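Student:
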Amino acid sequence: MAIAPSAAQIRDILAPWRSLRWRSASWEIWNQIRDPKWDYQGINIWLRTHYAESVEEKARDSAKLAAWFESPVEGNPNIDDDVDDTMTSWRLLDDELIFNFGTDWERVFEIIPELVGPKSGLSRCFLSEEDSVTKKYRKEIFGELREKVASSAELQEKLITIEGSNNRVQCRSVHTYLLVADKTAFTTDEFLILFLDLKGHYVRQSRIELPDDDIFMLGDMINSEKIRDAQYWTDNFPPGSSLNPKYRALGEIGRELYGVEDLLRT
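And the structure:
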């Protein structure tokens, strides 16, 4: 049975960790991320990690971020008159005192671990074995990868097969995604886009120029594997994406995930 925290516990434990504003936002994220209505569109959470020292530059960046967030692109829920204004409170993580992480965007999980909370029942994430259909699909995906690696003669060819963007195991490892307004984003107009696994590790990362209507249907693109053809994922044309070293063939995650280490021995 859930027990509500006392006033003293809120004051002494919860408040020092995160303010009421971000506790409320986290609660919204936790509930929204499990709602099937977002399976097609995907939930765009925008995280700002850069705050310039100059007051003028900081204000300029804030105006730019607001323009991106409310860009008149098809499917943007942030400009929908029927959407509650409170949506901004949890979709845009912008607080210099809390999120001024610079390049250490991973620190956001210390404040809002709910960002990688459970998805809805329609999530296509394959890393769980909840039913026979999922188990069969896992077998198909991993079997396909193993067959391709086994048929490659040279070690380099095997590594390309495993670490290339066309690897379906990588695609199916993606649980959610995060848009990051870092220093580079404000100078190039290209957000850092992170495709995250169940533990908050990025599988692949890239840059996406805004405004871009693709970001408002990423849920479907990930679930249907169309993301593999997107310019911010595929190796076939720029900008492409970079694979997390942990997801390389012999990386910390890849070694256990792909199950083909024995095929790499020469």
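So for the sequence shown, the UniProt record's numbering puts the first residue at 1; every next one is plus one. Each residue gets a CB set at the ideal place from its N, CA and C atoms; glycine is no exception. None of these values were measured; they are calculated from a predicted model.
On a Cα-Cα basis, can you pick out the residue from S54, I45, K139 that is closest to L194?
Tutor: If you number the sequence shown from 1, residue 194 lands on position 194. The residue with the shortest Cα to Cα distance from L194 is I45.
Student: In angstroms with no decimal places, state the Cα-to-Cα distance between A153 and I141.
Tutor: Translated into the one-based positions of the sequence shown, residue 153 becomes position 153. Translated into the one-based positions of the sequence shown, residue 141 becomes position 141. Each residue's Cα considered, the two are about 21 angstroms apart.
Student: Would you report the Cα separation of W22 and Q231, rounded to the nearest angstrom?
Tutor: On the sequence shown, position 22 is the one that residue 22 refers to. On the sequence shown, position 231 is the one that residue 231 refers to. Answer to the nearest angstrom: the Cα atoms are 33 angstroms apart.
Student: On the DSSP letters alone, give me the boundaries of the alpha helix (DSSP H) that E56 sits inside.
Tutor: The count along the sequence shown starts at 1 and reaches residue 56 at position 56. E56 -> alpha helix (DSSP H) spans 55-69.
Student: Answer yes if the region 46-63 comes into contact with the region 93-104, meaning at least three C-beta pairs across the two stretches below 8 angstroms, and no otherwise.
Tutor: Verdict: yes, contact present.
Student: Contact between the region 60-72 and the region 221-241: three or more CB pairs below 8 angstroms?
Tutor: At 8 angstroms Cβ cutoff, the stretches do not touch.
Student: Can you give me the C-alpha to C-alpha distance between L192 and S206, rounded to a whole angstrom?
Tutor: Position 192 of the sequence shown, counting from 1, holds the residue named residue 192. Position 206 of the sequence shown, counting from 1, holds the residue named residue 206. Cα to Cα, L192 sits roughly 6 angstroms from S206.
Student: Near residue 299, what residues of its chain come up, given a Cβ to Cβ distance below 8 angstroms and the 5 sequence neighbours on each side ignored?
Tutor: Absent from the structure is residue 299, since the part of the chain shown begins at 1 and ends at 266.
Student: So, for G102: in the same chain, excluding its five sequence neighbours on each side, which residues have a beta-carbon less than 8 angstroms away from its beta-carbon?
Tutor: As a first step, residue 102 is located in the sequence shown; it is residue number 102 there, counting from the start. Closer than 8 angstroms at Cβ, skipping near neighbours: T49, H50, D182, K183.
Student: Are V149 and K139 close, meaning C-beta to C-beta below 8 angstroms?
Tutor: By one-based count along the sequence shown, residue 149 stands at place 149. By one-based count along the sequence shown, residue 139 stands at place 139. No, the pair does not count as a contact, with Cβ atoms beyond the cut-off.
Student: Starting from T103, trace the alpha helix (DSSP H) in both directions and tell me its first and last residue.
Tutor: The residue labelled residue 103 in the question sits at position 103 within the sequence shown. No alpha helix (DSSP H) contains T103, which DSSP labels as neither H nor E.
Student: In three-state DSSP terms, what is S206?
Tutor: On the sequence shown, residue 206 is found 206 positions in, with the first residue counted as 1. Here S206 sits in strand by DSSP.
Student: Can you find the residues in the same chain that come closer than 6 angstroms, C-beta to C-beta, to D197, ignoring five residues on each side of it along the sequence?
Tutor: As a first step, residue 197 is located in the sequence shown; it is residue number 197 there, counting from the start. Result list for D197: S173, H175, V203, in chain order.
Student: Which same chain residues end up closer than 8 angstroms to R18 when comparing Cβ atoms and leaving out the 5 residues on each side of it in sequence?
Tutor: Position 18 of the sequence shown holds residue 18. Hits under 8 angstroms: S26, I98, I111, I112.
Student: DSSP beta-bridge partners for E190?
Tutor: For the purposes of this step, residue 190 is taken as residue 190 along the sequence shown, with counting starting at 1. Paired residues: E209.
Student: In angstroms, rounded to a whole number, what distance separates the CA positions of A4 and P211?
Tutor: Counting from one through the sequence shown, the residue named residue 4 turns up at place 4. Counting from one through the sequence shown, the residue named residue 211 turns up at place 211. Their Cα atoms are separated by approximately 42 angstroms.
Student: Do you know whose CA, among G219, I162, N31, lies nearest D235's CA?
Tutor: The residue labelled residue 235 in the question sits at position 235 within the sequence shown. Per the Cα distances, I162.
Student: Opposite V180 in the DSSP bridges: which residues?
Tutor: Residue numbering aside, residue 180 sits at position 180 when the sequence shown is read from its first letter. BP columns for V180 point to L47, L192.
Student: Using DSSP with H/G/I as helix, E/B as strand and the rest coil, what is S173?
Tutor: Reading the sequence shown from its first residue, position 173 is the one you call residue 173. The answer is helix: DSSP assigns S173 an H, G or I state.
Student: Excluding five sequence neighbours on each side, which residues of the same chain lie with their C-beta closer than 6 angstroms to the C-beta of I29?
Tutor: Counting from one through the sequence shown, the residue named residue 29 turns up at place 29. Cβ neighbours of I29 beyond the five flanking positions: W90, E114.
Student: L257 to N167, Cα distance in whole Å?
Tutor: In the sequence shown, counting from the first residue as 1, residue 257 sits at position 257. In the sequence shown, counting from the first residue as 1, residue 167 sits at position 167. Approximately 12 angstroms, taken between the alpha carbons.
Student: Suppose you measure from the CA of S151 to the CA of L145; what does that come to, to the nearest Å?
Tutor: By 1-based counting over the sequence shown, the position of residue 151 is 151. By 1-based counting over the sequence shown, the position of residue 145 is 145. Going by the C-alpha atoms only, they are around 10 angstroms apart.
Student: With distances taken Cα to Cα, identify the nearest neighbour of V260 among V169, A59, Q32.
Tutor: The residue labelled residue 260 in the question sits at position 260 within the sequence shown. When only C-alpha atoms are compared, the closest one is V169.
Student: Looking only at its chain, what residues have a beta carbon closer than 7 angstroms to the beta carbon of F186, apart from the 5 residues adjacent to it on each side?
Tutor: To locate residue 186, count along the sequence shown from 1; it is residue 186. Here the set comprises H50, D61, K64.
Student: Please determine, among K199, H201, R228, the residue with the shortest C-alpha to C-alpha distance to V164.
Tutor: The residue labelled residue 164 in the question sits at position 164 within the sequence shown. The question names Val, yet the displayed sequence has Gly at residue 164. Cα-wise, what sits closest to G164 is R228.
Student: Taking the C-alpha atoms as reference points, what is the distance between S224 and W233?
Tutor: Along the sequence shown, read from residue 1 onward, the residue named residue 224 stands at position 224. Along the sequence shown, read from residue 1 onward, the residue named residue 233 stands at position 233. Each residue's Cα considered, the two are about 14 angstroms apart.
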